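In our numbering, the protein residues as written are 27 to 445.
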Ligand code: HAM
């Protein structure tokens with residue numbers, strides 16, 4: 027056992043598998059960039075109060091899972107548990123919402139939640155996310171959902187489904203909340219669940235215990251009590267998704283772990299992952315910007331789980347991403363040869379060729395083994411005597427054929443071979 031291990035619940039991505047991680051992250055980001063979202067790079071930690079107010083005090087994320095600490099100046103800071111609150115903070119702080127709307131932003135990186143680690147549930151998780159802020163248009167909801175769907179499909183993922191519902195607007199929400207509470211308070215609930223029904227009744231519908239499930243089977247559903255405006259918004263989102271050819275199922279009992287959602291709310295679920303089946307999720311948030319001290323503008327976005335998408339692809343037996351390999355491997359035999367091949371490797375790299383070199387003087391046999399392992403097509407082999415003669419051996423590793431090439435013609439020779 028080594029002296030140190032990675033923190034509990036935090037994955038390392040090592041070669042060659044790390045290539046999959048990069049391919050998933052970049053594939054999801056590419057799909058987003060094709061729809062005109064600009065990159066935003068934000069702090070990994072923020073003022074603790076931002077998340078308490080933005081994500082919601084009653085959520086598990088805020089009440090149980092935050093990495094919160096006092097910095098050396100006695101400020102309470104928190105490692106970001108999600109991306110939306112930070113994006114909103116930056117948009118308000120820098121006045122991005124005073125320009126053309128919607129503000130379309132994308133981001134990727136690590137987020138931190140002190141959850142109970144298990145397969146697919148990490149304490150440092152990676153997301154690719156977007157936020158489209160300032161326009162309350164159901165067509166934009168459909169776009170956001172469609173680019174997530176396209177991102178997963180572009181990676182070759184197929185075994186997932188999109189679940190969708192509406193959590194209502196400021197007219198329908200309070201009325202429904204009362205209705206649901208009335209229903210829940212009529213049940214024989216334990217103390218804890220009752221308290222939850224008081225603070226956030228929707229969350230009781232997400233209770234996984236069978237006896238609670240049974241009791242809440244006939245609970246009133248938000249979807250049946252939408253205001254006219256919210257219903258029209260939702261129906262238009264569905265019509266737009268149909269037009270875009272994005273398949274979905276409506277799940278009126280969906281409950282998300284963050285408090286800011288209103289209207290369209292969605293999750294991408296993969297069946298090959300066991301309990302942690304959510305590979306992405308998001309929705310609209312009407313009140314968030316105002317809540318954080320900004321204008322009263324709506325927004326919509328998503329976070330896609332890069333770690334879980336890697337696992338989902340593996341569950342489907344699909345390979346994405348190419349492990350790092352090189353085109354050319356240099357084998358210097360002697361100090362003079364090394365001094366000559368090192369700048370040659372540099373010149374080839376500058377010409378766009380992927381090149382590695384055998385370091386550490388391990389002799390011809392060891393160096394040729396390293397060349398084979400590197401996946402290179404060509405080896406450049408030279409001893410000190412070749413250098414004195416002004417030549418380098420160019421060897422095709424596939425066939426074993428080798429010719430001597432004048433040192434100053436090697437770059438051109440290699441480029442010609444690689445086309
Ligand atoms: P979220 O549903 O909390 O939403 O997280 C989004 C995705 O991150 C999940 O679907 C899952 O794939 C991944 N994820 C979350 N927690 C973990 C974990 N512990 N281990 C591995 N993967 C995890 C948000 O974070 C919102 N900010 C999304 C959003 C953006 N909504 C609107 N805009």
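In this text, a Cβ means the ideal position worked out from N, Cα and C, and glycines have one as well. Note that the coordinates shown come from a computational prediction; the quantities given were computed from them, not determined experimentally.
Discussion item. Tell me whether residue 147, by its Cβ, gets closer than 7 Å to a heavy atom of the ligand HAM.
Written reply: yes
Fill in: Same chain, Cβ closer than 7 Å to residue 367, neighbours up to 5 away in sequence not counted
356, 358, 383, 406 and 408
Fill in: residue 239 versus residue 340: straight-line alpha-carbon distance, rounded
32 Å
Item to complete: Could you tell me the distance, in whole angstroms, from the CA atom of residue 211 to the CA atom of residue 223?
Response: 8 Å
Worksheet item: Is it a yes or a no for the stretch 278-287 touching the stretch 228-239, going by three-plus beta-carbon pairs under 8 Å?
Response: yes
Worksheet item: Comparing the CB of residue 178 with every heavy atom of the ligand HAM, is any distance shorter than 7 Å?
Response: no
Discussion item. What I want to know is whether the C-beta of residue 340 ends up closer than 7 Å to one or more non-hydrogen atoms of the ligand HAM.
Written reply: no
Worksheet item: To the nearest angstrom, how far is it from the Cα of residue 438 to the Cα of residue 378?
Response: 12 Å
Fill in: Alpha carbon of residue 149 to alpha carbon of residue 331, nearest angstrom
13 Å
Practice prompt. Return the residue from the list 290, 216 and 57 that minimises the CA-CA distance to residue 193.
Written response: 290
Worksheet item: Which class does residue 178 belong to by DSSP, given the choice of helix, strand or coil?
Response: helix
Item to complete: Report whether the distance from the Cβ of residue 66 to the nearest heavy atom of the ligand HAM is below 7 Å.
Response: no
Practice prompt. Please determine, among 242, 253 and 279, the residue with the shortest C-alpha to C-alpha distance to residue 523.
Written response: The question about residue 523 has no answer here: the residues shown for the chain are numbered 27 through 445.
Worksheet item: So the beta strand (DSSP E) residue 428 belongs to, where does it begin and stop?
Response: 428-432
Worksheet item: Among the residues of its own chain, which have a CB less than 8 Å from the CB of residue 397, if the five just before and after it don't count?
Response: 355, 357, 384, 405 and 423
Fill in: residue 159 Cβ short of 7 Å to the ligand HAM heavy atom set
no
Fill in: Euclidean distance between Cα positions of residue 113 and residue 85
19 Å
Practice prompt. To the nearest angstrom, report how far apart residue 76 and residue 118 are at their CA atoms.
Written response: 12 Å
Worksheet item: Using a Cβ-Cβ cut-off of 6 Å (strictly less than) and excluding sequence neighbours within five positions of residue 294, which residues of its own chain qualify?
Response: 186, 188, 305 and 306
Fill in: Rounded separation between residue 206 and residue 243 - CA only
12 Å
Discussion item. Tell me the DSSP secondary structure of residue 316 in three-state form.
Written reply: helix
Practice prompt. Return yes when the Cβ of residue 308 is within less than 8 Å of the Cβ of residue 292, no when it is not.
Written response: yes
Fill in: Beta-carbon gap between residue 92 and residue 104 smaller than 8 Å
yes
Discussion item. Buried or exposed, going by whether 16 or more other CB atoms sit within 10 Å of the CB of residue 182?
Written reply: exposed
Worksheet item: Which residues share a DSSP beta bridge with residue 421?
Response: 405 and 428
Worksheet item: What is the DSSP secondary structure of residue 110, reduced to helix, strand or coil?
Response: helix
Item to complete: Taking residue 322 as the reference, give the member of 138, 175, 160 and 202 with the closest Cα.
Response: 160
Worksheet entry | Residue from 300, 349 and 36 whose Cα sits closest to the Cα of residue 141 | 36
Practice prompt. Return the first residue and the last residue of the beta strand (DSSP E) that residue 296 is part of.
Written response: 288-296
Worksheet item: Looking at residue 333 and the ligand HAM, is the gap between the Cβ and the nearest heavy atom below 7 Å?
Response: yes
Item to complete: Could you tell me if residue 70 is buried or exposed, where buried requires 16 or more neighbouring beta carbons within 10 angstroms of its beta carbon?
Response: exposed
Worksheet item: Would you report the Cα separation of residue 395 and residue 337, rounded to the nearest angstrom?
Response: 33 Å
Worksheet item: Touch check for the stretch 172-179 and the stretch 262-273: three-plus C-beta pairs under 8 Å?
Response: yes
Worksheet entry | 8 Å Cβ cutoff met for residue 154 and residue 51 | yes
Worksheet item: For residue 132, which residues does DSSP report across the bridge?
Response: 65 and 156
Fill in: Reference residue 58, options 133, 48 and 236, closest by Cα
133
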